[in-house]
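Number 57 in our numbering belongs to position 60 of the sequence shown; there are no gaps in the numbering.
Glycine residues also receive a C-beta, built at the ideal position from the N, C-alpha and C atoms.
Predicted model only: the values in this text are computed from it and were never measured.
Take a look at the structure below.
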Amino acid sequence: MPIFTSAGTREEHAGPEPARAEHQGACGRALTPVNSRLVTTQDVAFACEPLGENVVLSLEGRERMDDLSSFELTVFAPGEASLEALLRAPCVVVLSDPEEETARVIQLVVMEAAEEAGRGRDRVLSLRLADPLALLGLRAGYRVFQDKTAEEVVTDVLVGAGVPRDAITTRLAGEYPLYPMCTQHGEAEWDFVRRLLAREGISLWTETAEDGAFRVLLGDGPTSHDGIDGETRLPFAGPGAARGRGVRALLSLAWEQGMAHDRVFVRDFDVDHPDVYLDGEAGEGTLEWLEYPACVPDARAAALRARRRLEQLRRDEVRVTATSDCIRVCPGRWVDVAGGGAELFDQRFLVSEVRHVFARPLRDGGRGAPYRNEIVLRPTRGDRGEERPPHRPAILGAPRVHHVESAVVTGPPGEEIHTDALGRVKVRFLWDRSGVTDDASSTWVRTMQWPLGGAMMLPRVGFEVAVSYLDGLADRPFVLGRLYNATAVHPYVLPAGRAVTALQSWTSPGSGATQEIRLGDDAGAEAFFVHASRDLSVRVGGDHAQKVDGDEAHVVGLGLAADVGGAEDVTIGGRQSIDVGEPIHVAVDGANAESMATEIIAVTGNRVVLSGGGYEESIGGAYALQCNQSNTKTTGSFTRIVGGSKLVSAGLSLTESVAGARTYVCRGARVVTCAGAYSESVKGGKRSAAGAVTESAAADYGIAAPAGKLASGQAELRAGGKFSIAAPQITIDVSGSLTAGALSIAGGALRATSGTTTIEGMVKRDRGGEVGG
């Protein structure tokens, strides 16, 4: 059955004719009087298709702006009627005034039906009727609206509940903001609609149009309302005052005034501009109303909210009540009151509430009550003539969400990480039945991060996440963290991996690679694991200390570079092995000192030592050099100190080239064994100083120099074969004696300057030389 239907036209429910004795039915058909003694001036009729013919015995009802109309009727119905068929059935109540020749139709719906026990087929029914919008109170759920005004959201909800779009009339003069997200969170639709309108200060009321159509009206000021049907001037007559036929009036009138807030301050927080609050102020008094959060998107909306909130708080500052017998008075319409006895009563009032009372009188003395209504009026002027603010609905607080919910992170098709500049994501709540699963599922939702100077862990599209709400407001969700399920499982099998703590991320776009920090806390197998699927950079601003109690291994697939700006100290308690497959280059800008107990350098090929300056070796023990070929080139000084033995053994040639001076100090024995040729070439002078010198040559022994001097404490020259000295002049200065097995002097002179020289053997002299002094 449709929720909202048109139940006829105004003309069809004209009510009883003034001169007719029988009662008109609600659908315009004449009803046989149940009791011929029933009489009334103003009448009430009721029409509902499942009930058929009936007579209203009593009526109490209330109509109020920004709320649902509610009526309780007692009707007499001949014949049978199904209570179940009555429930949710559209119906109308018709208030008729034959003397005024007016009638008013009110569209309602049956919410409850009860039957009193009786005799025969006649029944007395008690019915509770309500505004058709009351059915929205039985429709509850969850929905998300994005980038819409409150009026647009309310229209969508009403249309979705079956209210025709052309039955909704909007009369708004104010400016209202777009909201990034507006959420119906487990609320009844009527409560949701009332809350949104109250937040904006927009009033809602319902009417039945002249063509019988049900209408919903939205307004925010004096221009939003029409006057009552017919004559809008309603005089104050007072109880028992004489009136002409058909003249309806106010029977009582009272002005009530009380205290109210006179200042409003609202505030909100803008995540895009966190240093500037969204503040709004209105009023200048001391009775301040502070509202936070104001739920406004910008500063202009905050200022408008403060002004409208002050008008809402002052709505009951002045309350005018009245009673009347005019059926034309209805909520949402204005009336001009005259003859109130005081100037403050003679003005235009907006009708905000009407309470109806009716009881059909009986001719046999049965008690009855003629139709009367009680009215709540909103004045347009105050008691000092000042302009009163327009009527606003009462303030309604938003429901709070005090629990955590699940949602799924969404994004455009094919995108794995969807975020904005503030690290926010889009989500689809599990209660959302809209079917939207991409980035249009919600507004941007903030994500909670670790409380550090900088932390960023963004949930990926498809992650199930835990969602809470800032200030408990459903319009302000934020993501707490990720939730695992049977499809999106933990990175390590549980419960086997229960002692593992891990931070793991996936490469995006997805390639199966991961980055990870893992802590294994199994006793006896504790481990700390770091995995970088590509590059790893570590930067330390101060000191970096690293201690490894066990072994440490480094495996580098390509190059390894270390840049040390200061000193580097390496202490190794055991052995050190360095295996380099390619050439190694060590550059030291300053001095290089190496201290070790034993050093072995094995060079399978050539070894070249180049010294741009001095080169010095100090050896406290034995020094041995064995090589197939050794080349030493020193452009500056070269010093080698051997404190013990030194052995140089060359399988092939050994060459030393010294451009400058070369000093060799040997404090022990020095043995040079040369299997092949041994040669020394000295461009400058050469001086050898020794205690005892023994030189032995298996073959010829020759000394050649432009000039030379051999001095020693004791010198012995032995030759197994021929021994010759050739020079332009030879001076032998011997303090002792000179002995030779054979002495040959050619082209020169042999002279002994002092001492005794003994020459044994044959002496041969050529070209007139002489022997002796």
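- Within the segment 435 to 470, the complete beta strand (DSSP E) segments at least 3 residues long are 461 to 466, listed from N- to C-terminus.
- Per the DSSP secondary-structure output, residue 370 pairs in a beta bridge with 321, 353.
- Around the CB of residue 120, 16 or more other CB atoms lie within 10 Å, so the residue is classed as buried.
- A distance below 9 Å separates the beta carbons of residue 99 and residue 324.
- In the assembly as shown, residue 610 is an exposed residue. Its beta-carbon has fewer than 16 other beta-carbons within 10 Å.
- In this structure, the CA atom of residue 163 is about 41 Å from the CA atom of residue 256.
- Secondary structure within the segment 162 to 205: the beta strand (DSSP E) runs of 3 or more consecutive residues, fully enclosed, are 165 to 168, 179 to 185, 200 to 205 (chain order).
- For the pair residue 348 and residue 206, the Cα-to-Cα distance works out to about 18 Å.
- Counting along the chain, the unbroken beta strand (DSSP E) around residue 501 starts and ends at 497 to 503.
- Within a 10 Å sphere around the beta-carbon of residue 544 sit fewer than 16 other beta-carbons, which makes this residue exposed.
- Distance from the CA atom of residue 615 to the CA atom of residue 589, rounded to whole angstroms, is 14 Å.
- Taken atom to atom, the span from the alpha-carbon of residue 138 to that of residue 244 is near 49 Å.
- Beta bridge pairing from DSSP links residue 543 with no other residue.
- Checking the DSSP bridge columns, you'll see residue 88 partnered with 105.
- Across the set 517, 165, 455, 135, the C-alpha of 165 shows the shortest separation from the C-alpha of residue 200.
- In the DSSP annotation of this structure, the continuous segment of the alpha helix (DSSP H) that includes residue 297 starts and ends at 296 to 310.
- Taking the Cα of residue 209 as reference, the smallest distance to any Cα among 148, 102, 144 is reached at 102.
- Around the beta carbon of residue 525, fewer than 16 other beta carbons lie within 10 angstroms, which makes this residue exposed.
- Its chain contains 402, 403, 404, 405 as the residues whose beta carbon lies nearer than 8 Å to that of residue 427, once the 5 sequence neighbours on both sides are disregarded; these appear in chain order.
- Taking the Cβ atoms as the reference, residue 442 lies roughly 7 Å from residue 423, within the contact range of under 8 Å.
- For residue 40, the beta-bridge partners assigned by DSSP are 93.
- In this model, residue 380 and residue 268 are separated by some 45 Å (Cα to Cα).
- Secondary structure of residue 82 (DSSP, three-state): helix.
- For residue 146, there is no enclosing alpha helix (DSSP H), since its DSSP letter is neither H nor E.
- Using a 10 angstroms sphere on the CB of residue 236, the tally of other CB atoms stays under 16, which defines it as exposed.
- The secondary-structure analysis by DSSP pairs residue 333 across a beta bridge with 230, 345.
- In this structure, residue 285 and residue 260 form a Cβ contact; the two beta carbons are roughly 4 Å apart against a cut-off of 8 Å.
- Rounded to whole angstroms, the separation of the alpha carbons of residue 329 and residue 369 is 19 Å.
- The Cβ atoms of residue 221 and residue 169 lie closer than 9 Å to each other.
- Per the Cβ contact rule, the segment 301 to 321 is not in contact with the segment 187 to 194 (fewer than 3 Cβ pairs under 8 Å).
- Per the C-alpha coordinates, the member of 561, 310, 179 positioned closest to residue 472 is 179.
- The C-beta separation of residue 127 from residue 105 comes to about 6 Å, placing the pair in contact by the 8 Å criterion.
- Taking the Cα positions, residue 446 is about 7 Å away from residue 454.
- Taken through DSSP and simplified to helix, strand or coil, residue 557 comes out as coil.
- The criterion of a C-beta distance shorter than 9 Å is not satisfied by residue 124 and residue 114.
- By the Cβ-count criterion, residue 430 is exposed, with fewer than 16 other Cβ atoms from all chains shown falling within 10 Å of its own Cβ.
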